[in-house]
DNA sequence: ACCATTCACTCATGC
DNA sequence: ATTCAAGTCG
DNA sequence: GCATGAGTGAATCGACTTGAA
Ligand SMILES: [Mn+2]
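Residue numbers (the working numbering): 1 to 563.
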């Protein structure tokens, strides 16, 4: 794998190396996905002179696709005019020949407009840029033409990037930032996986990306409409939403794409709901089981107790989403009275303390409590979701980065691509179980913690947030937590890594023989369902965890007690 | 996935 | 003169 | 007091240039 150094003194064309690495990777591994004319274009590009390719690579990193020829200067590229001609011949660049008064204006700075005499109208020189452009475009003021080129084949480039990364949003930046050491990725054998296996799947991915973009826009509209109702705009929006819904493709076999579809259905359902189109909303929610689809369906049909009950049972059976589960519990309890105890877990009470504190708004409340503990000679850290997930990510490093089929497709992945799929554990069950067995030995565990922390520090891992953790912290927490508790926490994490990574208590307070977890609640802040779920779980596992509610205190009184 | 997404937090309503 | 946002670059 | 839904703000690499306000 030939990733070169970014150092411009030794390698002034580093960006071209990146681009060509990507293009060659794609045309090599995704030959059957690319269309014939796409392959031909790529071949034509790769056959160009070094100068031409370098220029195209430079322009590709820039935001607009129109460029003033007189402004294109790159010291490392010689004979730019010639490179431009060459790129025009292979249709990677296009001269703007038709009169484009708009560009002749907008691509000039104010100073330039002034020096070609365009701002002589009184007051115009002081006006806002937008106003000037507007005024000049319709005036008969003569404005000299600029020599402008438009970059072509940007679409092809984004197709290649999409294929390379397996998603539409990562781009060439990753190469630079990785070479600069801003991010470090685990090196994984990529030979077992390709992002897309055929054109059909890939086209579906691109379609879904477009639909999602559209749906997000409509969702924003629906929110605005709620603020300021407008019956006509509402009807128009409803029509657009219906159009979008009718374009929804059949459920894809590819998990990453069906996840996208799930999100789309939720987005659509939510928009319909906001506009009061209950039936449409329900039918969208029916397209997916992703939370909170079932809860929304139930709420929208609250008058039909049979449906509500069926949905709630489904939730209890299948969902890991705390807020959905809490809804289902309440609903069923409410309907069936008390005789539902079979399903409910006995709930340990969550310890609660209340204090008053002079609150400093400029600092977040958690940090203030940390300082209070510091004043008492205790170490407290605000690490929220980084403690146990971090420990998990470290101890199970090898399993997480196992290069099984479908997990890794390119060198810039922070974790396996199927991490958030229901089968993440199943596809690695043997390895996970073997690891659990090994880690049951506390000496081995301690050993591994130290080794892995040293070996992997700084390497991106979806569970480890390096700035927030330290070996000392991990060591102390690990040795002071019974393995049974750790194992239970890790297994819960594994059930739904996305959902269960959130909701841990804010603070860890370190004491000599033990530690304590505390969820801070400032004025107006309430416990959320997933926080309650973790607190109860942790307490049930014998870990000291509690809540601390803060009430604002008038200035000037002092001291608060935290035993 | 940088006019986008995600999350924790915060506020406003209605019971 | 300064501040600010967008864009560029490694 | 409670539940709910909507809205906020911070954080996404960081230094540097440019043009506009
Ligand atoms: Mn909190």
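Cβ coordinates follow ideal geometry from the N, Cα and C atoms, glycine included.
Taking 8 Å as the cut-off, the Cβ atoms of residue 517 and residue 544 count as close. Residue burial is scored here from C-beta neighbours: residue 273 has at least 16 other C-beta atoms within 10 angstroms and is therefore classed as buried. DSSP places residue 151 in the strand class (E or B) of the three-state scheme.
Fewer than three Cβ pairs drawn from the stretch 362-372 and the stretch 461-473 lie within less than 8 Å of each other, which leaves the two stretches out of contact. Following the DSSP letters along the chain, one finds residue 81 inside the alpha helix (DSSP H) bounded by residues 80-89.
About 11 Å separates the Cβ atoms of residue 425 and residue 436, ruling out a contact at the 8 Å cut-off.
Contact annotation: residue 225 and residue 234 have beta-carbon atoms nearer than 8 Å. As computed with DSSP, residue 521 is found in a beta bridge with 549.
Apart from sequence neighbours up to five positions away, the residues of its chain that approach residue 164 with a beta-carbon distance below 7 Å are 22, 25, 26 and 410, ordered along the chain. Here DSSP, grouped into helix, strand and coil, assigns residue 74 to coil.
In terms of Cα proximity to residue 83, the closest of 173, 13, 54 and 300 is 54.
Secondary structure note for residue 513: it is in no beta strand (DSSP E), with a DSSP letter that is neither H nor E.
For ligand 1, no non-hydrogen atom lies closer than 7 Å to the CB of residue 245. With 16 or more neighbouring CB atoms inside 10 Å of its own CB, residue 157 falls in the buried class.
Taking all protein chains in view, the Cβ of residue 377 is surrounded by fewer than 16 other Cβ atoms within 10 Å, so the residue is classified as exposed. Residue 126 has its alpha-carbon roughly 53 Å from the corresponding atom of residue 249. When secondary structure is reduced to three states using DSSP, residue 354 falls in the strand class. DSSP, read as helix, strand or coil, puts residue 404 in coil. Residue environment analysis places residue 515 among the buried positions, since at least 16 neighbouring C-beta atoms fall within 10 angstroms of its C-beta. Using a 10 angstroms sphere on the CB of residue 153, the tally of other CB atoms reaches 16 or more, which defines it as buried.
Burial check for residue 128: the Cβ neighbour count within 10 Å stays below 16, so the residue is exposed.
Here residue 121 carries a coil assignment [DSSP, helix/strand/coil]. By the CB criterion at 8 Å, residue 510 and residue 541 fall outside the cutoff. Per the Cβ contact rule, the stretch 278-289 is in contact with the stretch 257-269 (3 or more Cβ pairs under 8 Å). By the C-beta density criterion, residue 28 is exposed, having fewer than 16 other C-beta atoms within 10 angstroms.
At a Cβ-Cβ threshold of 8 Å, residue 150 and residue 65 count as neighbours. The beta-bridge partner set that DSSP reports for residue 380 consists of 509. Contact annotation: residue 483 and residue 442 have beta-carbon atoms nearer than 8 Å. Those residues that have a beta carbon less than 7 Å away from any non-hydrogen atom of ligand 1 are, in order along the chain, 366, 506, 519, 520, 521 and 525. Between the beta-carbon of residue 355 and that of residue 520 there is about 10 Å, and that puts the pair past the 8 Å contact cut. According to the DSSP assignment, residue 259 belongs to the alpha helix (DSSP H) that extends over 255-274. With 16 or more other Cβ atoms inside 10 Å of its own Cβ, residue 162 counts as buried. With contacts defined as CB atoms closer than 8 Å, residue 297 and residue 309 fail to qualify as a contacting pair. When secondary structure is reduced to three states using DSSP, residue 369 falls in the helix class.
The distance from the Cβ of residue 387 to that of residue 504 is about 6 Å, consistent with a contact at the 8 Å cut-off. In the three-state reduction of the DSSP assignment, residue 95 falls in the strand class.
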